[in-house]
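In this note's numbering, the protein residues as written are -15 to 467.
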């Protein structure tokens, strides 16, 4: 797998960090690891580090890169670390965080992590050897990021700047459009993972997302600019949201959001959903679009306080040719509606149930029907009554109970109605308050986005307008305090 991923990077002119991003995510899925890291070292120290998820308190990734074997973390999880080396050549370290008791001390998991490390260090050396004939550590020195990262690699008419994240189906990269007048705006470039490009069903789902995204236009929906195919790589160019997803925000707080903040996030997301649910086709008939995969992961809270819904990857519309076979259930089990869990026909009210579950998690810090097993969780969603947690005020709970009704006809008639009712019982926080919240808890991420915005190739022709737009966005984003 490592060879395939890095070969793909070589073919497209992408650098090593893009490959590590995909590799780390796929290996974490292999061992059901919610977090992990890869850190590579040159002659003078760490030069390239990719971190997935939350490593937990007390873990310094640069120290952990020197660890070997399993270690119990403060939060009870186990971190399995292995060194990346061939002979006397020390390349860095790899670690994966796994939850569980491990009566055997984690021997089997450790062996798997070591095997992953052996595959990765060989692939890294091969990548370096093919890109430059110098020594491996000297080549790694060149990858150390300075304050003005240059574009590395191209996909279609987009110059890739840096990887942003990887999911089960696609990788998202920060890229810059290149047009007749030179470099343009920064975008989030989503591309299918290299080992999935031969799967027609994955490609079709990806193209469905692109076609739907091009039709959507609302301040609370991520805007899709373009999609296409270049050298066998399917991609979607979309708005680059400078912020963090709600899941990361909840985890960073290590507890619930204040009701006004939680309601503000959900109300904004509901405004975006209302626009999507109301979308009409060229014939004027409603498309009856349903997101079907809502979760805290695809609600982005921007550093400007604006919330955006993304990932319409498994959405379905009336006119779509691609259909789900009967009995096949798509979506995240913990946020499904009862009718979705049963594989029944869905309408917009299914998304309202998911929004109710997201609001519950934002207000409590816990997932409403998480039973530790997907099937048990789906049964709970269908059949179990949800009691009111004491942290949720009764007027707010009364609204949430309507959204979380087991029968669709007992829920709100639409997303706008649910948003209005929420705002009536709890005044949503202003955008500036959400902006302060995200900036305060993610100062490093805000700094990274500001750094990317400053790479607007000063002095190159044709980028002045784009530079002015980006600088305006940066000035509008409040500066965060240290964590």
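Yeah, the Cβ is synthetic: ideal placement off N, Cα and C, and Gly gets one too. Note that this is a predicted model, so its numbers are computed, not measured.
| Item | Value |
| --- | --- |
| Whether residue 175 touches residue 161 by CB criterion (8 Å) | no |
| Check whether residue 222 and residue 145 have beta carbons under 8 Å apart | no |
| Extent of the continuous beta strand (DSSP E) run through residue 23 | 19 to 25 |
| Entirely enclosed alpha helix (DSSP H) segments - the stretch 336 to 396, minimum 4 residues | 358 to 367 and 378 to 387 |
| Cα-Cα separation, residue 350 to residue 238 | 10 Å |
| Whole-number beta carbon distance between residue 411 and residue 244, since they are thought to touch under 8 Å | 6 Å |
| Segments of 4+ residues assigned as alpha helix (DSSP H) that fall wholly inside the stretch 242 to 295 | 243 to 261 |
| Runs of alpha helix (DSSP H) wholly within the stretch 168 to 209 (minimum 4 residues, chain order) | 184 to 199 |
| Residue burial classification, residue 27 (beta-carbon count within 10 angstroms, cutoff 16) | exposed |
| Closer than 8 Å to chain C by CB, residue 247 | Looking at the structure shown, chain C is missing, and only one protein chain is on hand. |
| Bridge partners - residue 229, DSSP secondary structure assignment | 284 |
| Close beta carbons around residue 368, own chain, < 6 Å, minus the five adjacent residues each side | none |
| Cα-Cα separation, residue 95 to residue 10 | 17 Å |
| C-alpha gap between residue 226 and residue 266, whole angstroms | 32 Å |
| Rounded straight-line distance, which links the Cα of residue 251 to that of residue 408 | 11 Å |
| As assigned by DSSP and simplified to three states, the class of residue 143 | strand |
| Cβ-based burial, residue -5 [other Cβ within 10 Å; buried from 16] | exposed |
| Residue range of the beta strand (DSSP E) that includes residue 402 | Unbroken run through residue 402 is the alpha helix (DSSP H), 399 to 409; no beta strand (DSSP E). |
| Residue 425 to residue 380 span [Cα, whole Å] | 26 Å |
| Cβ neighbours of residue 86 in the same chain (closer than 8 Å, five flanking residues each side left out) | 54, 62 and 93 |
| Residue 240, enclosing alpha helix (DSSP H) - first and last residue | Residue 240 -> no alpha helix (DSSP H), and no H or E assigned at all. |
| Candidates 352, 393 and 345: closest to residue 332 by CA position | 393 |
| Three-state class that DSSP yields for residue 412 in the structure shown | coil |
| Local Cβ density within 10 Å of residue 5, reported as buried at 16 or more and exposed below that | buried |
| N- and C-terminal bounds of the alpha helix (DSSP H) containing residue 429 | 427 to 437 |
| Spatially closest choice to residue 206 from 220, 215 and 214, by CA coordinates | 220 |
| Collapsed DSSP secondary structure at residue 41 in the structure displayed | coil |
| Stretch pair the stretch 74 to 81 + the stretch 41 to 53: three plus CB contacts closer than 8 Å | yes |
| Alpha carbon of residue 330 to alpha carbon of residue 272, nearest angstrom | 10 Å |
| Identity of the residues DSSP links to residue 33 by a beta bridge | 23 |
| Pairwise C-alpha distance: residue 387 and residue 469 | The question about residue 469 has no answer, for the chain in this structure spans -15 to 467. |
| Neighbour-count burial assignment, residue 178, 16 or more Cβ in a 10 Å radius | buried |
| The beta strand (DSSP E) enclosing residue 56, as first and last residue numbers | 53 to 56 |
| Range covered by the beta strand (DSSP E) that runs through residue 329 | Looking at the DSSP string, residue 329 is not in any beta strand (DSSP E), and its letter there is neither H nor E. |
| Spatial neighbours of residue 17 in its chain, beta-carbon cut-off 7 Å, leaving aside the 5 residues before and after | 80, 81 and 82 |
| Start-to-end residues for the alpha helix (DSSP H) that takes in residue 0 | 0 to 14 |
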